[in-house]
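Asks: Sharing a structure with you now.
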Amino acid sequence: MKSILPMALLAGLLAGCATQGPPGSDPSDPFEASNRAVLEFNTSLDENIIRPAAEAYRDTVPAPMRTALRNFLRNLNEPVILANNLLQGRMMDAGHTLMRFYINSTAGGLGLFDVATASGIERRTGDFGQTLHAWGVPDGPFLMLPVFGPTTVRDAVGDGVDALASPVGLVTGATTSAMLSQMLGVGRGALGGLDLRAENIETLDALRSESLDYYARLRSVVRQRRDAQLGRSNAEGEGLSTLDDPGAPPADPAPSESFNLTITPR
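Here the working numbering is used: position 7 in the sequence shown is 7, and no number is missing along the way.
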């Protein structure tokens, strides 16, 4: 429960200090004013620390090694996906996820190689925010969290539960000191976030440069992608990149007005 409380407290603090948006603003984003302020903080952090680190990581670590690391981290998360598949009653997906984890953990060298996908066993989605949705819990207001980026109240709580249920956290928590366990968990999250940011440098730059209002566009893209994951839209969400926009028009070759913003992805 200790991992969940800070996230819930943060969501509560954001709700408490937020101001109601102007008339005509999105009713599902009542905290828009504070969300935009958090986006500015994330932008500054990204421009000065995270993006340069991601560029250095991509320039110095060969692509095959980055792919292997990405596969390894994703494989570590398969038990969390499996648990959520079961909690949602998605038994076929649970079977696929279990098979993926077994194949990649053995034939894939502890997950360094994604043998399962090459064999036609695609990765399934499954997180506790999705589980709460299946249980009828509403999204709640849109939130922009420091460092972690855009989410909703429900998904912020779900992310905390998933972090608590991570096999890495469970194993290290049972075999090491609490401080070391937390350090390992933070290190794993930071490494995954760095790899994710390196993978999406151009994607986020394009999203920023093509947006008249980057905050509004980002909010729309994140919602569309989440709707696809939750089965609330006809868009194909499983194969989307981190921030692909299912509803975006074809790119205009002419330069567009933009804000000089970036975002630290979740």
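Yeah, the Cβ is synthetic: ideal placement off N, Cα and C, and Gly gets one too. Because the structure is a prediction, the values reported are computed rather than measured.
I'd like to know if LEU112 contacts chain D, where contact means its C-beta is closer than 8 Å to some C-beta of that chain.
Replies: Reference to chain D is not applicable here, since this structure consists of a single protein chain.
Asks: Taking a contact to mean a Cβ-Cβ separation below 8 Å, would you say ALA68 touches LEU194 in this structure?
Replies: It is not a contact, given that the beta carbons lie outside the stated cut-off.
Asks: Rounded to whole angstroms, what's the CA-CA distance from THR242 to ASN200? Just pull it up for me.
Replies: Low per-residue confidence applies at THR242: pLDDT is 47, beneath 50, and the placement is therefore not dependable, though the value from the model is reported in the following sentence. The straight-line gap from Cα to Cα measures roughly 7 Å.
Asks: Under 6 Å Cβ to Cβ from MET267, same chain only, skipping five residues before and after it: list those, please.
Replies: Because the chain is modelled from 1 through 266, residue 267 falls outside the range shown and cannot be assessed.
Asks: Inspect the CB distances between the region 126-142 and the region 88-102 and report whether three or more fall short of 8 Å.
Replies: The region 126-142 vs the region 88-102: in contact.
Asks: Once you ignore the five residues that flank PHE72 on each side, which residues in its own chain have a CB closer than 6 Å to its CB?
Replies: Contacts found: GLY111 and LEU112.
Asks: Answer with buried or exposed for GLY187, where buried requires no fewer than 16 other C-beta atoms within 10 angstroms of its C-beta.
Replies: Exposed.
Asks: I need the boundaries of the beta strand (DSSP E) containing THR151, first residue and last residue.
Replies: Its beta strand (DSSP E) spans residues 149-152.
Asks: Given that a residue counts as buried once 16 or more other Cβ atoms are within 10 Å of its Cβ, and exposed if not, what is ASN77?
Replies: Classification of ASN77: buried, given that the 10 Å Cβ count is 16 or more.
Asks: Can you tell me whether PHE101 is helix, strand or coil according to DSSP?
Replies: Three-state result, PHE101: helix.
Asks: First and last residue of the beta strand (DSSP E) that includes PHE142?
Replies: 142-145 is the extent of the beta strand (DSSP E) around PHE142.
Asks: Where does ARG208 sit, in a helix, a strand or coil, going by DSSP?
Replies: Here ARG208 sits in helix by DSSP.
Asks: Using 10 angstroms around the beta-carbon of ASP213, count the other beta-carbons present and answer buried if the total reaches 16, otherwise exposed.
Replies: So ASP213 ends up on the exposed side.
Asks: Roughly how many angstroms lie between the CA atoms of ASN104 and ASN84, to the nearest whole one?
Replies: Cα-Cα distance, rounded: 19 Å.
Asks: Would PHE142 and SER28 qualify as a contact pair, given that the criterion is a beta-carbon distance under 8 Å?
Replies: Against a cut-off of 8 Å, the Cβ pair of SER28 and PHE142 comes out as a contact.
Asks: Kindly indicate which residue of GLU210, GLN130 and LEU191 has the alpha-carbon position closest to the one of VAL161.
Replies: Ranking GLU210, GLN130 and LEU191 by Cα distance to VAL161 puts GLN130 first.
Asks: Check whether the Cβ atoms of LEU45 and VAL147 lie closer than 8 Å to each other.
Replies: Yes, Cβ-Cβ distance for LEU45 and VAL147 is below 8 Å.
Asks: If we ignore side chains and look at the alpha-carbon of each, how far apart do PRO52 and ALA94 end up?
Replies: Distance between the alpha carbons of PRO52 and ALA94: 38 Å.
Asks: Within 10 angstroms of its Cβ, does GLY120 collect 16 or more other Cβ (buried), or is it exposed?
Replies: GLY120 comes out exposed.
Asks: Helix, strand or coil for ASN77? Go by DSSP, reduced to three states.
Replies: In the structure shown, ASN77 sits in coil (DSSP, three-state: anything other than H, G, I, E or B).
Asks: Which one of TYR215, ARG70, ALA118 and GLY126 has the shortest CA to CA distance from ALA228?
Replies: The shortest Cα separation from ALA228 among TYR215, ARG70, ALA118 and GLY126 belongs to GLY126.
Asks: Compute the Euclidean distance between the alpha carbons of SER290 and GLU32, then round it to the nearest angstrom.
Replies: Residue 290 cannot be examined here, being either before or after the span of the chain that is shown, 1 to 266.
Asks: Just curious, the alpha helix (DSSP H) that LEU131 is in, first and last residue?
Replies: Residue identity check: residue 131 is Thr in the sequence provided, not Leu. Here the alpha helix (DSSP H) through THR131 covers 128-134.
Asks: Assign LEU139 to one of two classes, buried (16 or more other C-beta atoms within 10 Å of its C-beta) or exposed (fewer than that).
Replies: Leu is not the amino acid found at residue 139; the sequence shown has Asp there. Buried, by the Cβ-count rule.
Asks: Tell me the rounded alpha-carbon separation between PRO79 and ALA206.
Replies: The alpha-carbon atoms of PRO79 and ALA206 are separated by roughly 34 Å.
Asks: For PHE113, which of helix, strand or coil comes out of DSSP?
Replies: It is coil, neither helix nor strand.
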